[in-house]
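Asker: Protein chains in written order, with the UniProt record's numbering: chain A, 1 to 296; chain B, 1 to 256. Got a structure for you, questions after.
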Amino acid sequence: MATVLYLDELSKKFGSLQAVDRLTLQVEAGSIYGLLGPNGSGKTTTLGMVLDVIRPSGGSYLWFGRSISKATKQRVGALLETPNFYPYLTAKANLQVVADTKQADHRHINKMLDMVGLGTRSHTTFKGFSLGMKQRLALAAAMLNDPEVLVLDEPTNGLDPQGIAEVRDLITRIAAQGKTILLASHLLDEVEKVCTHVAVLQAGKLKANGPVGDILSAQDQLLISAEELAPVLQLLERLPYVVRFAQDKNTISLTLSEGYTSTDLNRDMFAQGIVLSQLLVRRKSLEAQFLEITQK
Amino acid sequence: MNLIKTELRKILQYPTFWVIMATYVLLQVLLIYFSSSFMVSGQALGKSLYDFPNLWMRFSYIAYFFNLLLGILVIVLITDEYSYRTLRQQVIDGRSRTEAVLAKFYVTLGLAATGTVFLLIMGLLFGLIYSKDTSLGAIFGKIDYLSYFFVQAVGYMCLAMFFAFLIRKSGLAIIAFLAWSKIVEPIIHYQIDDSIDRFMPMKVFGSLTPTPGQEIIDGLTSPTLALSPAWAVLPALFYIALLVLASMLLVRYRDL
Chain A
1 MATVLYLDEL SKKFGSLQAV DRLTLQVEAG SIYGLLGPNG SGKTTTLGMV
51 LDVIRPSGGS YLWFGRSISK ATKQRVGALL ETPNFYPYLT AKANLQVVAD
101 TKQADHRHIN KMLDMVGLGT RSHTTFKGFS LGMKQRLALA AAMLNDPEVL
151 VLDEPTNGLD PQGIAEVRDL ITRIAAQGKT ILLASHLLDE VEKVCTHVAV
201 LQAGKLKANG PVGDILSAQD QLLISAEELA PVLQLLERLP YVVRFAQDKN
251 TISLTLSEGY TSTDLNRDMF AQGIVLSQLL VRRKSLEAQF LEITQK
Chain B
1 MNLIKTELRK ILQYPTFWVI MATYVLLQVL LIYFSSSFMV SGQALGKSLY
51 DFPNLWMRFS YIAYFFNLLL GILVIVLITD EYSYRTLRQQ VIDGRSRTEA
101 VLAKFYVTLG LAATGTVFLL IMGLLFGLIY SKDTSLGAIF GKIDYLSYFF
151 VQAVGYMCLA MFFAFLIRKS GLAIIAFLAW SKIVEPIIHY QIDDSIDRFM
201 PMKVFGSLTP TPGQEIIDGL TSPTLALSPA WAVLPALFYI ALLVLASMLL
251 VRYRDL
């Protein structure tokens with residue numbers, strides 16, 4: 001698979017603030033790559049750098065194996081932070097400006113407006129649009145010259161549930177056309193639902209990255225208790241498939257490595273003569289996992 | 001060509017543009033029309049103001065004051081691109097930063113050309129109605145003042161463009177533009193010798209459209225050392241190039 005975007009130790013300092021700290025990652029063609037992190041973690045700065053509007057203080061990046069240029073920009077459609085249009089121009093006139101810049105065929109404009117459901121509103125000025133419509137217009141603009149890659153920054157930010165559903169549906173449809181999508185979001189379930197790969201950012205640092213299944217696998221958490229906790233703790237130390245465990249008063253919470261279940265644990269405990277008084281399987285929330293990753 | 005087409009799309013549908021241009025035309029017509037009744041040493045200037053060929057010199061001097069309005073228009077057009085974040089989007093979409101500045105420079109050329117054509121029409125209109133001498137020789141006698149006005153208008157707007165790209169906020173940029181052109185630089189002029197300050201940008205731009213009747217004033221007091229319009233063209237073009245280059249460097253080396 002070809003690498004669409006490669007970041008090598010990319011850094012950005014705003015004054016004394018290290019917004020992005022030696023970020024290295026690789027986005028493969030055809031993936032939906034999520035950039036996940038809380039507000040202020042450097043997602044937008046990272047996208048701003050690879051989109052040529054923020055100057056990196058260090059490191060480099062390559063699009064399609066090349067430095068950024070007019071030619072690489074034409075293969076990428078992007079929306080950064082907010083939909084950026086002239087408020088006094090109509091939806092159509094705004095897309096004409098975009099089409100000029102991208103040297104895209106002006107005949108695509110109506111098609112794109114239809115795709116995002118704004119076909120009937122093409123003569124409304126941008127300032128008359130709701131936030132959801134603005135966001136959809138931005139998607140239409142990004143898709144105008146049928147780019148191979150879409151870069152989307154918080155595409156559902158500030159939208160109502162219906163708007164979120166519409167935009168997500170649009171993204172999934174676009175992804176189904178085989179395009180590579182780089183998506184920044186602070187919403188865990190958005191990344192989990194939409195993305196194939198994820199990079200977790202915190203305070204400008206890369207905390208984890210890989211396929212969504214590996215990083216955000218909703219691992220089960222077990223809660224156990226017994227009359228005597230000491231032998232239980234001793235045994236847990238020795239069990240190879242116990243990833244981590246922690247004692248909390250009378251209960252112990254633990255995570256097992258993939259492929260093992262509560263049955264394995266229960267059998268091994270019993271074999272050592274330990275009888276558990278409680279064995280509870282709890283699905284770990286995405287939020288808990290996220291906190292776990294970022295606190296590592 | 002593509003750049004100009006895009007700029008036209010944006011400008012021609014912008015209500016603010018038409019309001020400022022209407023103000024520009026209206027105020028200038030009013031001033032040109034009523035200037036004939038201005039009193040100078042107890043005497044109205046009268047219709048002789050519209051005599052060819054000196055009309056071109058007088059009209060371009062009147063138009064000189066309205067360059068401020070064109071400058072403010074340029075500031076509005078540029079700072080809008082920052083507040084709408086459209087400059088940023090255009091760079092994302094594939095326009096280079098140099099092209100972004102060039103596009104605005106073309107806008108100043110277009111506005112200066114519009115102002116010059118407007119002045120030509122006004123001159124012909126008032127001249128053909130009121131001038132005593134309407135021979136071709138008289139009409140085109142000093143029409144080169146229109147070209148000096150053109151250079152001056154571009155110069156003013158390039159200064160405005162520089163402040164717009166430097167400050168990026170419309171209000172502050174307009175204040176900086178007015179303060180520099182009308183207060184700060186004139187104060188500097190007082191502080192330093194005429195032989196040097198005649199090469200300063202606002203003085204150079206001003207020299208392109210000299211005050212009508214300067215010859216008479218010079219006869220009464222010591223002559224000014226201001227450059228003649230023809231001589232001022234060269235330093236004016238130098239400042240224009242410098243301002244455009246400085247704007248390009250600003251946009252090139254800053255985050256958008």
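Glycine is no exception: its CB is placed at the ideal position from the N, C-alpha and C atoms. Quick caveat: nothing in here was measured; it's all calculated off a predicted structure.
Do the CB positions of residue 152(A) and residue 78(A) come within less than 9 angstroms of each other?
Answerer: The count along the first sequence starts at 1 and reaches residue 152(A) at position 152. The count along the first sequence starts at 1 and reaches residue 78(A) at position 78. A contact, by the Cβ cut-off of 9 angstroms.
Asker: Kindly indicate if chain A contains any beta-carbon less than 9 angstroms away from that of residue 85(B).
Answerer: Walking along the second sequence from the start, residue 85(B) turns up at place 85. Cβ-Cβ to chain A under 9 angstroms: yes for residue 85(B).
Asker: Which residues in chain B sit within 7 angstroms of residue 84(A), going by Cβ to Cβ distance?
Answerer: Taking the first sequence and counting its residues from 1, one reaches residue 84(A) at position 84. Chain B residues near residue 84(A): 84, 85, 86, 88, 89.
Asker: Does DSSP classify residue 2(A) as helix, strand or coil?
Answerer: Within the first sequence, residue 2(A) is the residue found at index 2, counting from 1. If DSSP states are grouped into helix, strand and coil, residue 2(A) belongs with coil.
Asker: Whole alpha helix (DSSP H) runs in the region 88-122 of chain A with 4 or more residues, listed along the chain?
Answerer: DSSP runs (the alpha helix (DSSP H)) wholly in the region 88-122 of chain A: 91-102, 108-115.
Asker: By Cβ distance, which residues of its chain are closer than 6 angstroms to residue 139(B), with the 5 residues on each side in sequence left out?
Answerer: As a position in the second sequence, residue 139(B) is number 139, starting the count at 1. Counting only Cβ-Cβ distances below 6 angstroms, and skipping sequence neighbours, we find 52.
Asker: Enumerated in chain order, which unbroken segments of the beta strand (DSSP E) with a length of 3 residues or greater are wholly contained in the region 119-146 of chain B?
Answerer: Listed in chain order, nothing qualifies, since the region 119-146 of chain B has no complete beta strand (DSSP E) run of 3 or more residues.
Asker: Would you mind giving the Cβ-Cβ distance between residue 197(B) and residue 183(B), rounded to the nearest angstrom? I have them listed as a contact below 8 angstroms.
Answerer: The count along the second sequence starts at 1 and reaches residue 197(B) at position 197. The count along the second sequence starts at 1 and reaches residue 183(B) at position 183. Wrong, their Cβ atoms sit about 15 angstroms apart, outside the cutoff.
Asker: Please go through the region 213-293 of chain A and give each complete beta strand (DSSP E) segment of 3 or more residues, from N-terminal end onward.
Answerer: Taking only runs of at least 3 residues, the beta strand (DSSP E) segments lying wholly in the region 213-293 of chain A are 220-226, 242-248, 251-256, 276-283.
Asker: Quick check: what's the CA-CA separation for residue 30(B) versus residue 204(A)?
Answerer: Counting from 1 along the second sequence, the entry for residue 30(B) is found at position 30. Counting from 1 along the first sequence, the entry for residue 204(A) is found at position 204. Going by the C-alpha atoms only, they are around 60 angstroms apart.
Asker: For the alpha helix (DSSP H) that residue 207(A) lies in, which residues bound it at each end?
Answerer: The residue you call residue 207(A) lines up with position 207 of the first sequence. No alpha helix (DSSP H) contains residue 207(A), which is instead part of the beta strand (DSSP E) from 205-211.
Asker: Per DSSP, what kind of secondary structure is residue 251(B) in: helix, strand or coil?
Answerer: For this step, residue 251(B) is matched to residue 251 along the second sequence. Note: residue 251(B) maps to helix in three-state DSSP.
Asker: List the residues of chain B that residue 78(A) touches, going by C-beta distances under 7 angstroms, in chain order.
Answerer: Taking the first residue of the first sequence as position 1, residue 78(A) is located at position 78. Those are 92, listed as they occur along chain B.
Asker: Report the partner residues of residue 13(A) according to the DSSP bridge assignment.
Answerer: Mapped onto the first sequence, residue 13(A) falls at position 13. Residue 13(A) pairs with 18(A).
Asker: Whole angstroms are fine: how far does the CA of residue 5(A) sit from the CA of residue 64(A)?
Answerer: For the purposes of this step, residue 64(A) is taken as the residue at position 64 of the first sequence. For the purposes of this step, residue 5(A) is taken as the residue at position 5 of the first sequence. Taking the straight line joining both Cα atoms gives about 6 angstroms.
Asker: Following the continuous alpha helix (DSSP H) through residue 37(A), name the residue where it begins and the one where it ends.
Answerer: The residue you call residue 37(A) lines up with position 37 of the first sequence. Careful: residue 37(A) lies outside any alpha helix (DSSP H) and carries neither H nor E.
Asker: At the level of alpha carbons, what is the spacing between residue 15(B) and residue 192(B)?
Answerer: Sequence index remark: in the second sequence, residue 15(B) carries index 15 (1-based). Sequence index remark: in the second sequence, residue 192(B) carries index 192 (1-based). Using only the alpha carbons, I get a separation of about 43 angstroms.
Asker: Need the endpoints of the beta strand (DSSP E) that residue 83(B) sits in, please.
Answerer: To locate residue 83(B), count along the second sequence from 1; it is residue 83. Looking at the DSSP string, residue 83(B) is not in any beta strand (DSSP E); the run it does join, the alpha helix (DSSP H), is 67-83.
Asker: Taking its Cβ as the centre, do 16 or more other Cβ atoms sit within 10 Å of residue 161(A), making it buried, or is it exposed?
Answerer: Reading the first sequence from its first residue, position 161 is the one you call residue 161(A). Residue 161(A) is exposed by the Cβ-count criterion.
Asker: Considering only the alpha carbon of each residue, which of 209(A), 18(A), 25(A), 38(A) lies closest to residue 187(A)?
Answerer: Numbered from its first residue, the first sequence carries residue 187(A) at position 187. Among 209(A), 18(A), 25(A), 38(A), the Cα nearest to that of residue 187(A) belongs to 38(A).
Asker: Would you list the residues sitting across from residue 199(A) in a DSSP beta bridge?
Answerer: Reading the first sequence from its first residue, position 199 is the one you call residue 199(A). Bridge partners of residue 199(A): 35(A), 209(A).
Asker: When you compare the CB of residue 300(A) with every CB in chain B, is at least one pair closer than 9 angstroms?
Answerer: No answer is possible for residue 300(A): the residues shown for chain A start at 1 and end at 296.
Asker: Would you mind stating whether residue 267(A) and residue 222(A) have Cβ atoms separated by less than 9 angstroms?
Answerer: Walking along the first sequence from the start, residue 267(A) turns up at place 267. Walking along the first sequence from the start, residue 222(A) turns up at place 222. No, they are not a contact pair.
Asker: Assuming residue 172(A) is part of the alpha helix (DSSP H), what are its boundary residues?
Answerer: Taking the first residue of the first sequence as 1, we reach residue 172(A) at position 172. 161-176 is the extent of the alpha helix (DSSP H) around residue 172(A).
Asker: Do you know how far the Cα of residue 50(A) is from the Cα of residue 196(A)?
Answerer: Mapped onto the first sequence, residue 196(A) falls at position 196. Mapped onto the first sequence, residue 50(A) falls at position 50. Between residue 196(A) and residue 50(A), the C-alpha separation is close to 21 angstroms.
Asker: If the cut-off is 8 angstroms on Cβ atoms, which residues from the region 181-200 of chain A count as contacting chain B, listed in chain order?
Answerer: For the region 181-200 of chain A, which is checked against every Cβ of chain B, not one residue is closer than 8 angstroms.
Asker: Could you check whether the region 99-110 of chain B touches the region 31-38 of chain B, counting it as contact only if at least three pairs of C-beta atoms, one from each stretch, sit closer than 8 angstroms?
Answerer: The answer is no - the region 31-38 of chain B does not touch the region 99-110 of chain B, with fewer than three Cβ pairs under 8 angstroms.
Asker: Report the neighbours of residue 88(A) on chain B: residues whose CB is nearer than 7 angstroms to its CB, in chain order.
Answerer: Within the first sequence, numbered from 1, the residue matching residue 88(A) stands at position 88. The answer, in chain order, is 13, 14, 15.
Asker: Among residues of its own chain, excluding the 5 on either side of residue 53(A), which ones have a beta-carbon nearer than 6 angstroms to its beta-carbon?
Answerer: Translated into the one-based positions of the first sequence, residue 53(A) becomes position 53. Cβ within range, chain order: n/a, list empty.
Asker: Starting from residue 256(B), find everything on chain A with Cβ-Cβ shorter than 7 angstroms and list it in chain order.
Answerer: Counted from its first residue, the second sequence places residue 256(B) at position 256. The contacting residues are 53.
Asker: Going by the beta-carbon positions, is the gap between residue 272(A) and residue 235(A) smaller than 9 angstroms?
Answerer: By 1-based counting over the first sequence, the position of residue 272(A) is 272. By 1-based counting over the first sequence, the position of residue 235(A) is 235. The answer is yes: Cβ separation under 9 angstroms.
Asker: Over what stretch of residues does the beta strand (DSSP E) that includes residue 29(A) continue unbroken?
Answerer: Numbered from its first residue, the first sequence carries residue 29(A) at position 29. Per DSSP, residue 29(A) belongs to no beta strand (DSSP E) and is neither H nor E.
Asker: Starting from the Cα of residue 123(A), find the closest Cα among 144(A), 94(A), 103(A) and give me that residue.
Answerer: As a working mapping, residue 123(A) is identified with position 123 in the first sequence. It is 94(A) whose Cα lies nearest to the Cα of residue 123(A).
Asker: Measure the alpha-carbon distance for residue 71(A) versus residue 225(B) and round it to whole angstroms.
Answerer: By 1-based counting over the first sequence, the position of residue 71(A) is 71. By 1-based counting over the second sequence, the position of residue 225(B) is 225. Roughly 53 angstroms separates the two Cα atoms.
Asker: Does the beta carbon of residue 142(B) come closer than 9 angstroms to any beta carbon on chain A?
Answerer: By one-based count along the second sequence, residue 142(B) stands at place 142. It does not; no Cβ of chain A falls within 9 angstroms.
Asker: Consider the Cβ of residue 96(B): report whether some Cβ of chain A lies at a distance smaller than 9 angstroms.
Answerer: Along the second sequence, one-based indexing puts residue 96(B) at 96. It does; some Cβ of chain A falls within 9 angstroms.
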